[in-house]
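Before any comments, here is the structure.
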Amino acid sequence: MKKVLKVLMILSAVLFCLSCDKGTQQLTYEGAEIEVKEPRWLIITYEGVYMEKIDVTGLEPGEDFVLLYGCYYPWQGEDTIDYKYENHLESANGKVFGVNLSGFEVADIPNPEAIVSVSTDTENLPELDQLPNLVAVDLSSYDVKDTDLVHLAGLTNLRFLDLSRREITDAGLKHLAGLTNLRWLNLMGTKVNGTGFVYLASLSNLRVLMFDGRSIKDSCLVHLAGLTELRYLMLYGTGITDDGLKHLSSLTNLRTLYLNFCRIRGPGLRYLTGLPKLRDLHLLYTKVSNNDLQHLKPLKNLVWLDLSYTRITDRGLVNLLALPRLRRLDISGNLITDRGMDYIRLLTNLRELYTVDTPITDKGYSKLSALPDCRVHQWSGGVDMRRPGLCGLIHQVLIALFTVASKVW
């Protein structure tokens, strides 16, 4: 059953990153004028060739990181970055900042003082202290064990650490307890079960934390309650229930919260009402239903809300009218009908609406003419999942499998 759930997580975790028009807009809410800002985009090119654009809305220059090819770059507030990778060295806008140490040695770096970011294997870990300005370490592509992390303990200036998809357990986390300048920690796909979160309690400057795993329970979150600088928290596919959300109520700087595939039924959303800066909330494949959405009303800064494959119907959508800044909404996989579009059409700042696998008809979609700036996505990846065919069949099978698997909750 665990393998089934893991496969479902991977197959269902699809993020849509689509462009919006520039500028700002004004709206009136309860007699007060509110400014709605458009996203800020960072344009990435490789030797002059366009690669992608990244939404950097809410990121802070000098504090947050973006991935450029093989190394994470400490973003300095640029609107465009042109990067280059040559002879294991990576540069941004003409300045070397990173190195890939796979098959390369620290001693071979021509200017060690320039290096702030590395992607490395375990062989080079003992040599990292020779890089005086190092702030970012990516170990996600290499075979790393708990004992290897002892070499990180002395890198007290470290601000970024990616340990995802490695054989790390809770025992290894003790080596991170002294990295009090750490801002970004990725533990996705590791063997961490949460008992080692006690070692994370000292990381008071942590802004981004990501982990997953059904073995992580409510009690583990008590150690995160003091991490009040957290901006981004991903609890993907964990065993956390509504009761565990009470430990997040102190995280008043939180901007983004992922609860996808967690054992959330909905009542626990009341613990989030005191998070005034919450901007993105993801509840994919939870058991949230209509009445639970009333707890979202105080979240006036909510911009992105993912309610896909939950248990909401038309009746629950009325609660979303209290969210004046909502720009991106996913209601896929729910029993939302044409009647529900009467509420959606009133979300005047909506720019992206996802309605995959819903019974909405053309009559319902016609009501959205009141939202001329809103892009509606009725299909997944350009394939209409509501029509007969292999893709549609696969999609329905996934839904059925998840329904069966969720009964073990």
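As numbered in our numbering, residues 7 to 415 make up the sequence shown, in order. Even glycine gets a Cβ: it sits at the ideal position worked out from N, Cα and C.
(request) State the Cα-Cα distance for the pair residue 113 and residue 161, rounded to the nearest angstrom. (result) One-based indexing of the sequence shown puts residue 113 at position 107. One-based indexing of the sequence shown puts residue 161 at position 155. Between residue 113 and residue 161, the C-alpha separation is close to 18 Å.
(request) Give every residue of the same chain whose Cβ lies closer than 6 Å to the Cβ of residue 27, excluding the five residues on either side of it in the sequence, and list them in chain order. (result) Along the sequence shown, read from residue 1 onward, the residue named residue 27 stands at position 21. For residue 27, the predicted model reports a pLDDT of 36, less than 50, meaning its position is unreliable; a value from the coordinates is still stated below. Closer than 6 Å at the Cβ level, and outside the excluded window around residue 27, lies no residue.
(request) For residue 133, collect the residues of the same chain with a Cβ closer than 6 Å to its Cβ; drop the 5 residues on either side in sequence, then sort them by chain order. (result) Taking the first residue of the sequence shown as 1, we reach residue 133 at position 127. Excluding positions up to five away in sequence, the list reads 112.
(request) Determine the direct distance from the alpha carbon of residue 351 to that of residue 136, and round the result to whole angstroms. (result) Here residue 136 refers to the residue found at position 130 when the sequence shown is read from its first residue. Here residue 351 refers to the residue found at position 345 when the sequence shown is read from its first residue. When rounded, the distance between both Cα atoms is 58 Å.
(message) In the DSSP output, which residue or residues are listed as bridge partners for residue 383?
(response) Within the sequence shown, residue 383 is the residue found at index 377, counting from 1. Per DSSP, the beta-bridge partners of residue 383 are 360.
(request) Could you spell out the range, first to last residue, of the beta strand (DSSP E) harbouring residue 222? (result) Residue mapping note: residue 222 aligns to position 216 of the sequence shown, counting from 1. Premise fails: residue 222 is in no beta strand (DSSP E) and is neither H nor E.
(message) Applying the 10 Å Cβ sphere with the 16-neighbour rule, what's the burial state of residue 124?
(response) Counting from 1 along the sequence shown, the entry for residue 124 is found at position 118. Per the 10 Å Cβ criterion, buried.
(request) In the DSSP assignment, find the beta strand (DSSP E) that holds residue 369 and state where it starts and stops. (result) By one-based count along the sequence shown, residue 369 stands at place 363. For residue 369, there is no enclosing beta strand (DSSP E); the enclosing alpha helix (DSSP H) has its first and last residue at 368-372.
(request) Just confirm the distance between the C-beta atoms of residue 105 and residue 121, as a whole number of angstroms; I'd bet it's less than 8 Å. (result) As a working note, residue 105 is residue 99 in the sequence shown. As a working note, residue 121 is residue 115 in the sequence shown. At roughly 5 Å, the Cβ-Cβ gap stays under 8 Å, so residue 105 and residue 121 are in contact.
(message) Taking its Cβ as the centre, do 16 or more other Cβ atoms sit within 10 Å of residue 186, making it buried, or is it exposed?
(response) The residue labelled residue 186 in the question sits at position 180 within the sequence shown. Answer is exposed; the Cβ neighbour count stays below 16.
(request) Kindly identify the DSSP beta-bridge partner or partners of residue 81. (result) On the sequence shown, position 75 is the one that residue 81 refers to. Partner(s): none; residue 81 has no beta bridge.
(message) In this structure, how does DSSP classify residue 94 when only helix, strand and coil are distinguished?
(response) To locate residue 94, count along the sequence shown from 1; it is residue 88. Looking at residue 94 - three-state DSSP - the assignment turns out to be coil, as it is neither helix nor strand.
(request) Determine whether the Cβ of residue 331 lies closer than 8 Å to any Cβ atom of chain D. (result) No chain D is part of this structure, which consists of one protein chain only.
(request) Return helix, strand or coil for residue 106, following the three-state DSSP convention. (result) Position 100 of the sequence shown, counted from the first residue, corresponds to residue 106. In the three-state DSSP reduction, residue 106 falls in the strand class (E or B).
(request) Starting from residue 203, follow its DSSP beta bridges and name the residues at the other end. (result) Locating residue 203 in the sequence shown gives position 197, where the first residue counts as 1. Answer is none; residue 203 lacks a bridge partner.
(request) Go ahead and pull the three-state DSSP assignment for residue 375. (result) Start at 1 with the first residue of the sequence shown, and residue 375 comes out as number 369. It is helical.
(message) Quick check on residue 233: does DSSP put it in helix, strand or coil?
(response) By one-based count along the sequence shown, residue 233 stands at place 227. If DSSP states are grouped into helix, strand and coil, residue 233 belongs with coil.
(message) Whole angstroms are fine: how far does the CA of residue 232 sit from the CA of residue 244?
(response) For the purposes of this step, residue 244 is identified with residue 238 of the sequence shown, where counting begins at 1. For the purposes of this step, residue 232 is identified with residue 226 of the sequence shown, where counting begins at 1. Approximately 20 Å, taken between the alpha carbons.
(message) Helix, strand or coil for residue 239? Go by DSSP, reduced to three states.
(response) As a first step, residue 239 is located in the sequence shown; it is residue number 233 there, counting from the start. In this structure, residue 239 counts as strand in the three-state DSSP scheme.
(request) Please work out which residues of its chain come closer than 6 Å, Cβ to Cβ, to residue 95, disregarding the five sequence neighbours upstream and downstream, and give them in chain order. (result) In the sequence shown, counting from the first residue as 1, residue 95 sits at position 89. Excluding residues within five positions, the ones whose Cβ falls inside 6 Å are 102, 105.
(request) Please classify residue 55: is it buried, with 16 or more other beta-carbons within 10 angstroms of its beta-carbon, or exposed? (result) Indexing the sequence shown from 1 puts residue 55 at position 49. Exposed is the label assigned to residue 55, since fewer than 16 other Cβ atoms lie within 10 Å of its Cβ.
(message) For residue 334 and residue 116, I'd like the C-alpha separation in whole angstroms.
(response) Taking the sequence shown and counting its residues from 1, the one referred to as residue 334 is at position 328. Taking the sequence shown and counting its residues from 1, the one referred to as residue 116 is at position 110. One C-alpha to the other measures close to 46 Å.
(message) If distances are taken between C-alpha atoms only, which option among 326, 246, 385, 235 comes closest to residue 217?
(response) For the purposes of this step, residue 217 is taken as residue 211 along the sequence shown, with counting starting at 1. Closest by alpha carbon: 246.
(request) Determine, using beta carbons only, whether residue 200 and residue 223 come nearer to each other than 8 Å. (result) The residue labelled residue 200 in the question sits at position 194 within the sequence shown. The residue labelled residue 223 in the question sits at position 217 within the sequence shown. It is a contact, given that the beta carbons lie within the stated cut-off.
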